[in-house]
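So the structure is just underneath, and the comments pick up after that.
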């Protein structure tokens with residue numbers, strides 16, 4: 013049976029209990045060309061597990077475990093000269109107390125002390141007892157930077173080399189920025205700040221050849237400028253094409269995982285169709301300009317496969333913990349740029365297939381982020397990715413697109429104080445799903461545009477803008493996957509596709525195509541009539557195309573035209589697939 017260690021960040025545990033591991037060890041020899049390796053990836057992409065892999069490979073204490081831990085992996089058959097040749101000094105700066113500068117300094121220092129203590133005890137066969145006793149004597153009074161000096165001094169005496177691993181280097185800075193406390197960050201990384209002093213000691217240790225290698229990772233480069241000021245010997249490999257695939261899964265790697273699932277699970281959808289769904293939901297990340305290979309978020313894939321291999325499609329396509337992380341990211345973006353700037357960017361993303369971004373590689377806290385800095389930050393956080401066109405970025409996949417719709421809904425709730433009617437939404441969706449009726453959907457649309465948005469002037473907005481405000485309503489339900497701009501042969505696109513979520517096939521008996529048109533204030537009467545006719549004709553054409561080219565998995569298909577005017581008039585027209593209803 014396929015064993016998925018979802019959420020496991022320990023390579024030793026993962027290999028010890030026989031859980032599946034997607035082999036990335038062929039990147040280890042490539043990394044050795046860069047002794048000071050800095051690497052950013054979005055949250056829950058596998059960074060902590062990769063640190064654990066490096067720890068297991070380079071640790072002198074794990075020499076006897078090498079063949080067990082790396083059995084049948086690339087690096088077992090192709091080891092490098094540095095295998096099991098370092099002492100490992102490992103730091104994790106997640107979850108620090110950021111209540112005030114004193115609490116952060118104390119927590120940061122304690123975390124450094126704990127890592128140094130673990131280091132000395134891990135290699136107590138190398139360090140003499142009096143070294144550990146000396147460390148314990150001064151444990152409570154010594155600073156983080158002096159701790160590093162102590163470790164360097166004692167390691168030099170025993171003629172050893174150290175590999176330093178730093179996870180979540182930016183976690184506390186991101187939290188402070190999300191709370192709008194940029195001045196706090198400036199203080200701790202200033203020339204006299206304790207974080208700057210810590211990294212300056214790292215630089216000294218590197219210069220002396222004691223701390224020979226570094227791997228530093230996090231989710232954003234917002235502290236890189238400050239970090240580099242005190243530790244200016246790093247190689248930033250974040251967007252290097254050679255390491256695009258080091259963290260995250262390729263299509264072939266996901267196919268390999270799907271091949272391990274019992275064939276009984278592939279019903280009614282085939283393995284190929286499940287892969288297509290996963291590509292639509294989770295694929296699309298590219299971290300290097302000009303690279304063709306796109307990546308899946310590994311955490312999302314393992315979440316899906318763990319559920320799918322046991323029970324079939326999960327009702328939530330995104331783990332609730334991951335969704336919580338993205339809510340926190342919204343806080344970071346708002347804290348760094350302001351709510352209005354974020355809203356402007358979200359609207360631009362929803363209205364355009366691609367965005368032009370001059371990628372910012374280093375940030376500072378002397379001023380709030382501008383348009384380009386914010387878009388760059390969205391890239392590092394996994395909310396935008398390189399498109400196929402140079403200098404342009406796009407939303408990577410449907411899961412992230414839905415998050416943008418949720419951000420838009422939050423804006424409507426918080427800024428326009430709109431209360432979404434869950435009772436009416438549930439009624440509309442269940443009638444659509446079980447009976448194929450759209451009466452309550454029309455009621456919902458009328459209620460939304462005429463009452464919910466009564467105090468909001470959308471007369472000057474574009475059709476896409478108005479459509480996405482309406483779409484944001486449906487992020488509150490799981491019955492349907494709401495797909496915008498579904499591509500059809502001939503480069504045609506369905507405005508809105510309500511496609512049954514596979515986890516709810518038992519209840520959702522109908523899929524819906526909705527062609528949306530918005531009649532602007534400046535449109536003439538003839539133009540308004542033409543838009544209405546276009547909506548009906550497209551709903552009819554796309555109904556035939558979609559029914560012909562796409563598997564409905566037993567669902568019936570119906571198509572609609574939804575026409576909304578600047579004066580808030582709403583018309584919902586039943587176009588195709590309703591004949592059976594008329595006969596009954």
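Residue numbers (my numbering): 13 to 596.
Note that the Cβ used here is the ideal one computed from N, Cα and C, for glycine as well.
Can you check which of these residues, the options, is closest to residue i by C-alpha distance?
i           : options            : result
residue 237 : 433, 373, 88, 415  : 373
residue 69  : 496, 57, 316, 92   : 92
residue 144 : 154, 455, 132, 152 : 132
residue 356 : 336, 473, 493      : 473
residue 362 : 463, 408, 219      : 408
residue 153 : 118, 499, 481      : 118
residue 578 : 438, 341, 535      : 535
residue 551 : 540, 508, 565, 566 : 508
residue 3   : 160, 432, 180      : The structure shown does not extend to residue 3, since the chain is modelled only from 13 to 596, so the question has no answer here.
residue 45  : 171, 247, 80       : 247
residue 346 : 545, 489, 385      : 385
residue 465 : 448, 454, 428      : 428
residue 597 : 300, 301, 309, 299 : In the structure as shown, the chain starts at 13 and stops at 596, and residue 597 therefore has no counterpart that could be examined.
residue 22  : 48, 271, 126, 81   : 81
residue 297 : 90, 501, 57, 191   : 57
residue 94  : 413, 393, 225      : 225
residue 13  : 29, 518, 294       : 29
Quick one: residues in its chain with C-beta nearer than 8 Å to the C-beta of residue i, no 5 flanking neighbours on either side, listed in chain order?
i           : result
residue 547 : 527, 528, 529, 573, 574, 575, 585
residue 35  : 85, 86
residue 477 : 359, 362, 363, 470
residue 83  : 27
residue 609 : Lying outside 13 to 596, the shown extent of the chain, residue 609 is not represented and no answer is given.
If you draw a straight line from the C-alpha of residue i to the C-alpha of residue j, how long is it?
i           : j           : result
residue 183 : residue 537 : 56 Å
residue 175 : residue 217 : 11 Å
residue 38  : residue 85  : 9 Å
residue 113 : residue 419 : 31 Å
residue 66  : residue 178 : 11 Å
residue 123 : residue 230 : 17 Å
residue 416 : residue 484 : 9 Å
residue 580 : residue 258 : 51 Å
residue 187 : residue 279 : 44 Å
residue 404 : residue 395 : 14 Å
residue 562 : residue 121 : 58 Å
residue 260 : residue 303 : 15 Å
residue 307 : residue 491 : 27 Å
residue 495 : residue 437 : 17 Å
residue 375 : residue 445 : 48 Å
residue 185 : residue 173 : 30 Å
residue 285 : residue 441 : 25 Å
residue 434 : residue 212 : 55 Å
residue 200 : residue 115 : 12 Å
residue 503 : residue 525 : 17 Å
residue 249 : residue 50  : 6 Å
residue 456 : residue 432 : 10 Å
residue 559 : residue 489 : 25 Å
residue 15  : residue 138 : 38 Å
residue 566 : residue 275 : 20 Å
residue 555 : residue 516 : 22 Å
residue 333 : residue 267 : 25 Å
residue 501 : residue 545 : 22 Å
Using a Cβ-Cβ cutoff of less than 6 Å, which residues in the same chain neighbour residue i once the five nearest sequence positions on both sides are dropped?
i           : result
residue 458 : 582
residue 497 : 505
residue 532 : 578
residue 338 : 415
residue 390 : 396
residue 163 : 128
Report, in whole angstroms, the separation of the C-beta atoms of residue i and residue j, which I expect to be a contact under 8 Å.
i           : j           : result
residue 366 : residue 421 : Wrong, their Cβ atoms sit about 23 Å apart, outside the cutoff.
residue 135 : residue 99  : 6 Å
residue 568 : residue 521 : 6 Å
Which residues in the same chain as residue i place their Cβ atom closer than 7 Å to its Cβ, once the five residues preceding and following it in sequence are excluded?
i           : result
residue 514 : 281, 325
residue 18  : 314, 315, 318
residue 424 : 430, 481, 484
residue 33  : 26, 27
residue 43  : 49
residue 96  : 70, 71, 72, 74, 75, 78
Answer with yes or no whether the minimum CB distance from residue i to chain C is below 8 Å.
i           : result
residue 361 : The displayed structure is made up of one protein chain only, and chain C is not part of it.
- Starting from the N-terminal side, write out each stretch of the beta strand (DSSP E) that is 3 residues or longer and does not extend beyond the stretch 143-222. When DSSP assignments are scanned along the stretch 143-222, the uninterrupted stretches of beta strand (DSSP E) that are 3 or more residues long and fall wholly within it turn out to be 174-179.
- Could you give the uninterrupted runs of the alpha helix (DSSP H) lying entirely in the stretch 49-115, keeping only those of 4 residues or more? 59-70, 78-81, 86-89
- Going along the chain, which unbroken runs of the alpha helix (DSSP H) with 4 or more residues stay wholly within the stretch 464-502? Counting only runs of at least 4 residues, the stretch 464-502 fully encloses the following alpha helix (DSSP H) elements, listed from N- to C-terminal order: 475-484.
- 3-residue-minimum beta strand (DSSP E) runs that sit fully inside the stretch 494-545, ordered along the chain: 504-512, 522-531
- At 4 residues or longer, and completely inside the stretch 272-338: list those alpha helix (DSSP H) runs for me, N to C. 283-294, 310-323
- Can you list, in chain order, the stretches of the alpha helix (DSSP H) that have 4 or more residues and sit fully within the stretch 545-594? none
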